[in-house]
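Engineer: For the record, the sequence lines run as chains E and F. For my numbering, count along the first sequence from 1 and bump the result up by 5. For my numbering, count along the second sequence from 1 and bump the result up by 1112. Quick one: the structure is below, questions incoming.
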Amino acid sequence: MTSGLTSRNGVRNENYLNLKAVTLEPRPFPRADGPDKVTGTGRYAADMVLPGMAFARFKYAEISHARIVRLDTSKAESLPGVVAVITATDVPDVRYSPGVADRTLFATDAVRFEGEILAAVAATTEALAQAAVDAIEVEYEQLPTVTDVVQAIAPGAPLVHPDWQNYEVSAETEQRPNVASFSSIAHGDAEAGMARAATVVTSRYVADASHASPIEPRAILAQWEGRKLTVWSATQVPFDARAGVCETLDLPTNQVRIIVPHLGGGFGGKCGFHFEAHIAALARAAGRPVKLVFSRKEEFLAPDRRREGMVVELTTGLNADGTIAARTGTLLIDNGAYTADAAFFPQLAAMLAAGPYRIPALKIEASLVYTNHQPSGSVRAPTAPQACWAIESHTDELAATVGMAPVEFRRLNGLRSGDVGPVGQTYGEIGLQACIDSVASRLTGETGTEADEAIGLAVGWWPSFPGPSGAYIKIDSDGAGQIITGAQECGTGAVMTLRQLAADELGMAAEDFELVYQDTGVAPYDTGATGSQTLFNNGRAVLLAASELADQIRQLAADHLEAAPSDIVLSDGHASVAGSPNPAVSVAELAATAAGAELLIAHGSGKPGEYPETVGASCVGDQGVAAWASPQFSCHGVRVRLDSETGVVRVLNVATCHDSGTILNPLGALGQVEGGVLMGIGQALTEGTQYDEDGCQRNPGLLEYKLQTAADAPTITTQFVETTGGQGPHGAKGLAEAPNVATAAAISNALAKLIGSHVTQLPMTPERVWATMTDATPSDADRDATGHDTSEPKSGDEL
Amino acid sequence: MTERPNPLLIANTIDEALDAVSRGSTPIAGGTDLVVGARQGNKRLPASLVAIDRVEELQSIGLDSDGSLSIGSGVTHATLMSSTVVVTNYTALADAAALIGSPATRNVGTIGGNVMNGSPAMDTGAPLAVFDAMIQLSTVAGNRQITTSELWVAPGQTSAEPDELCTAIIIAPQPDRSGSAYVRLEYRRSMEIAVVGAAAVVTLGLDGTIAGCRIALTAVAPTIVLVDGLESLIGQAIGEATLATVADLASSQAAPISDLRASEQYRSHSVGVMAKRAVLAAARRATGESISVPVNRSIGVGSDGQRQWEAGAS
Ligand SMILES: Cc1cc2nc3c(=O)[nH]c(=O)nc-3n(C[C@H](O)[C@H](O)[C@H](O)COP(=O)(O)OP(=O)(O)OC[C@H]3O[C@@H](n4cnc5c(N)ncnc54)[C@H](O)[C@@H]3O)c2cc1C
């Protein structure tokens, strides 16, 4: 077997305790979807056209919390060109959502956020559909809005869901008034630990909500043929979308087919089940195909996939030697009005708040709090960038309190291979310390920092998510291969890498395989482009299928070459007998033989990796991910420049190092890290949703919701620590989310060195930086007669 | 015949354009305000449009017989920022043009569109105000020229009549030893709209002190505003005290609103910072120093090179 791992330049240091970070040499990577995407021949959901199709528009609440007194669609129905108008009464009465079944397709008695859907209209043109939407009459009785997570859990706060106790919840979900789910991590005696500590530091950090902002707004086209429904959808999770359609429209899975044409990005925003059922129901009512294409504004307002706002309070007790004695923490996570897939977020956030540190006594409580905001959901590494920003800013405060350099504090307290983590999980070989060393040496190795520049770093961690997944591989009569996989490509290149995995296993070239993917009608199940799981799980399936196929080819070759199957070697598209000078036979030739007899078809799925055992932890509300399978570790370091008169910050350089196990595709891995960093810079400095008093978004557009642009990109250098023990193919862990964990935190720490204290609200906009600086002006004693600061400038050049 | 809700006329000459506007058509140049605004639902597309982007007569930059610079209203920001005469003698205008949107925006967006759109956040506005530019408005009957403060009356509103087309922007020559600069506060390096901004033109005396100074401010009032009371700077050397005065004057005369981009307080503060930086850069250019366009990318936090904005930093 030729392995894709041998051709790389990176030197793998197998020493358990002395891992080295290396920069992997990207090898040329033939990306199957590349030419389509760059030449414009690729088709996206919004490009799809069917004969006779009508156009959909939604009637949104446009108000955050109200009882529906009257909903009258009669005028809309009578308008010319309108072919269907549907509301809650036209679909099965199903309350759904994973974790907490708290929502319906269409609003019934009340609306709880501005983007809630009251009705859907289909008409022969988009303009007519919009006119019909505008003709729908709604009368509301306004209800008090809940917009603040702290006030939401105060006694007597108005309830977002008065009926919450009657909702169906998954077994382990613990609920309270206005709390959709709750989780805690407790071990040791945190109170006693705190009492014994030499110093105690308390911090409070607040993160605003933000958005996934994929380049492609979502689009859906639904068509019925008899009982059978086909939906083309811009989703990251076609099987999840299918499950949602089946659940809400009461259909069996074999009558529903979800096809995703090329997907124009998602970043988690297109995870979950969204609007496929609305459009399917509309198409059924209209008796013709119906298509929905979102505007950018709708992309901001309507999906239940906002990155959650968060309030983080942390108290850490330190021993005199700088080791951590105890930590307590409270996290309030803004769930919004409904529980999309956020029920397990408290667990993720609690783990993030513990951080990858040795902490003997710990008590973290995390609540997912209902408000009248847009629902939150899995945006790339949900809860992580905000929680990491809070915890790692706090960590620099801790280091300062005991007079340690931040990097030394992390070396001292950071987890090492063999340590036991917050929930009693024992870690195998982990690369955290190597990541810290790698970043620290690159950042401090640079020439001296100017007075307006500083460096800072942060560490992060993130799990991998084992799950079921399947693939088929076949080779047809001409020797051309097809990989038929349930996996979904959202731009990361994970699905594209499957070709390389199969080719390496079969001694063939990636170009010998075409991918058939993103179609629930033809491929076995996969969780979708979510949770960094595609290569991690589907890679396993493809490897298994390829190895089954390799056995089939070896058997054919053994017959042909008159040798034992175990002596057959597959390489360069040929089968030959090991050590024999006899001519090889091509796979194509064998495939032609097979085409007239037993076909070359293989399948793979494999048992998902297991969650590690946890010992001695009490973890309330565990939904199975508190222990982290194949945990990934990272360190990001940044050099920033501050315009001290305006608070404008620029990130100049970023050094990253990641332990994501074996790196299967270095080029793709670098792309993931660089993209994650840029997204992290946006979260750190410019990306934040602003709400008005009623909980409506004030900046649902790309002019006022400021993403980073290519012109803002810093220089990014990346290394990988290839630890052993990843449960993915060839020892891989996940990777796509991990790079979006630590960047904002590193920026926060660099910035704090320049202004003397941390900015405590995310994003750290220029105005917030300026306000922090204005508040944090040096005391009068530090000023000379002209009012200039004479205190010793903090060196920004030390980590 | 296909349905045509918005008849679009295409003018090839100024006369055709004037004829169309006299009969009720609204001019569209690059469309980067008009079309984008309509798509966002800010303003409906006018019932009838005349495209003027093919009128070559509107696309040149030249010197009039009296030495004045005449910029056709159809000149794009990309042309403006790379025009030698603009970069050399009216540098603030090149600074502004070079900041607008992205390369795509600059390739189609025009100075005429920027001026006639009349946004208080428009970037070419403050430079044109400090240069005392005249806006030439034409009808089928003839031309008139008005100042920028006569033109801009309220956010998005000008004093031009519906049948008037802006045909040129005319700027008189600047005195010797003059330099100019436009600096804006921005949160990212492209696709940005001014949070606040300031343009300055500074003329130095033979002794190097300030002989003349004009400053205009972006996005701190319903229209671009000129700063008053700058006479006190005459005869002063450029230094910390002078620049502090400039910042105070600008901040105190700003009457900004709080909105999504910034609070009133932050705008007032930062427009002072922009004003003093514009004066400093203008003064340095007045000495003959070359600071590349746009200033935002050559000094300060946005720069890859020189970073400090101190008076003596040159
Ligand atoms: C992505 C993006 C980024 C942008 N960034 C900036 C920026 O950084 N700074 C900035 O200032 N602006 C910015 N803008 C706004 C816009 O690009 C500029 O104002 C541009 O100069 C407008 O020129 P235009 O030719 O496209 O105008 P159009 O959209 O064609 O016209 C604008 C208005 O002026 C009128 N008009 C146009 N020409 C004439 C004429 N000759 N006579 C009379 N009326 C006329 C039109 O009827 C219309 O009302 C941006 C726009 C976009 C889309």
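Just so you know, even glycine gets a beta-carbon here, dropped at the ideal spot from N, CA and C.
What residues match up with residue 1317 of chain F in a beta bridge as DSSP calls it?
Structural biologist: Residue 1317 of chain F is not bridged to any residue.
Engineer: Helix, strand or coil for residue 158 of chain E, going by three-state DSSP, please let me know.
Structural biologist: coil
Engineer: Express the C-alpha separation of residue 1219 of chain F and residue 1325 of chain F in angstroms, rounding to a whole number.
Structural biologist: 32 Å
Engineer: Compare the C-beta of residue 1113 of chain F against all C-beta atoms of chain E and say whether one is closer than 8 Å.
Structural biologist: Bear in mind that the predicted position of residue 1113 of chain F carries a pLDDT of just 31, short of 50, making it too unreliable to give a figure here.
Engineer: Find the nearest neighbour of residue 577 of chain E within the set E/585, E/744, E/250 and E/517, judged by alpha-carbon distance.
Structural biologist: E/517
Engineer: Just how far apart, CA to CA, sit residue 419 of chain E and residue 506 of chain E?
Structural biologist: 34 Å
Engineer: Please determine, among E/315, E/403, E/294 and E/333, the residue with the shortest C-alpha to C-alpha distance to residue 850 of chain E.
Structural biologist: The question about residue 850 of chain E has no answer here: the residues shown for chain E are numbered 6 through 804.
Engineer: According to DSSP, simplified to helix, strand and coil, what is residue 325 of chain E?
Structural biologist: Taken through DSSP and simplified to helix, strand or coil, residue 325 of chain E comes out as coil.
Engineer: Which residue wins for smallest C-alpha separation from residue 1170 of chain F, given the options F/1396, F/1191 and F/1375?
Structural biologist: F/1191
Engineer: Identify every run of the alpha helix (DSSP H) within the stretch 1225-1295 of chain F, keeping only runs that are complete inside it and at least 4 residues long; order them along the chain.
Structural biologist: 1237-1242 and 1260-1263
Engineer: So that I know if they touch, is there some Cβ in chain E lying closer than 8 Å to that of residue 1292 of chain F?
Structural biologist: No, its Cβ sits nowhere closer than 8 Å to a Cβ of chain E.
Engineer: At what residues does the alpha helix (DSSP H) containing residue 1359 of chain F begin and finish?
Structural biologist: 1352-1365
Engineer: Give a yes or no on whether the minimum CB-CB distance between residue 1385 of chain F and chain E is below 8 Å.
Structural biologist: yes
Engineer: From the DSSP output, which residues share a beta bridge with residue 1156 of chain F?
Structural biologist: Answer is none; residue 1156 of chain F lacks a bridge partner.
Engineer: The alpha helix (DSSP H) spanning residue 680 of chain E covers which residue range?
Structural biologist: 671-690
Engineer: Is residue 708 of chain E close to chain F, meaning its C-beta is less than 8 Å from at least one C-beta of that chain?
Structural biologist: yes
Engineer: Would you list the residues sitting across from residue 516 of chain E in a DSSP beta bridge?
Structural biologist: DSSP output for residue 516 of chain E lists no bridge partner at all.
Engineer: Alpha carbon to alpha carbon, how far is residue 210 of chain E from residue 412 of chain E? Give it in angstroms, no decimals.
Structural biologist: Their Cα atoms are separated by approximately 21 Å.
Engineer: Flag this pair as touching only if the stretch 390-400 of chain E and the stretch 719-729 of chain E have three or more C-beta atom pairs under 8 Å; answer yes or no.
Structural biologist: no
Engineer: Tell me the residue span of the beta strand (DSSP E) that contains residue 386 of chain E.
Structural biologist: No beta strand (DSSP E) holds residue 386 of chain E; DSSP gives it neither H nor E.
Engineer: Under three-state DSSP, which class holds residue 318 of chain E?
Structural biologist: If DSSP states are grouped into helix, strand and coil, residue 318 of chain E belongs with the strands.
Engineer: Tell me the start and end of each unbroken alpha helix (DSSP H) in the stretch 327-412 of chain E that is at least 4 residues and wholly inside, in chain order.
Structural biologist: 350-359 and 389-406
Engineer: Using the beta-carbon of each residue, which ones in chain E are nearer than 8 Å to residue 1327 of chain F?
Structural biologist: Ordered by position in chain E, no residue passes the 8 Å Cβ test against residue 1327 of chain F, which lies about 17 Å from the chain.
Engineer: Just checking my contact of residue 468 of chain E with residue 630 of chain E at CB under 8 Å: how many whole Å lie between their CB atoms?
Structural biologist: Correct: roughly 6 Å between the Cβ atoms.
Engineer: Anything in chain F within Cβ reach of residue 85 of chain E, meaning under 9 Å, just list it in chain order.
Structural biologist: Neighbours of residue 85 of chain E on chain F: none; closest Cβ ~14 Å, over 9 Å.
Engineer: Using a Cβ cut-off of 8 Å, pull out every chain E residue sitting near residue 1362 of chain F, in sequence order please.
Structural biologist: Result: empty, since nearest Cβ-Cβ is about 13 Å, beyond 8 Å.
Engineer: Checking contacts by CB at 8 Å: is residue 804 of chain E closer than that to chain F?
Structural biologist: no
Engineer: Should residue 1300 of chain F be flagged as near chain E, meaning a C-beta pair shorter than 8 Å?
Structural biologist: At least one chain E Cβ lies under 8 Å of residue 1300 of chain F.
Engineer: Applying a beta-carbon distance threshold of less than 9 Å, which residues of chain F neighbour residue 298 of chain E?
Structural biologist: Neighbours of residue 298 of chain E on chain F: none; closest Cβ ~14 Å, over 9 Å.
Engineer: Taking three-plus beta-carbon pairs below 8 Å as touching, is the stretch 229-238 of chain E in contact with the stretch 321-338 of chain E?
Structural biologist: no
Engineer: Note down, in chain order, every chain F residue with its Cβ under 7 Å from the Cβ of residue 695 of chain E.
Structural biologist: Within 7 Å Cβ-Cβ: 1372.
Engineer: Compare the C-beta of residue 780 of chain E against all C-beta atoms of chain F and say whether one is closer than 8 Å.
Structural biologist: So, not an interface residue.
Engineer: Could you list the residues in the stretch 304-338 of chain E with a C-beta less than 9 Å from some C-beta on chain F, going in chain order?
Structural biologist: none
Engineer: Taking 8 Å as the CB-CB limit, is residue 772 of chain E close to chain F?
Structural biologist: yes
Engineer: Using three-state DSSP, classify residue 735 of chain E as helix, strand or coil.
Structural biologist: helix
Engineer: Check the Cβ-Cβ distances between residue 1305 of chain F and every residue of chain E, and say whether any is below 8 Å.
Structural biologist: yes
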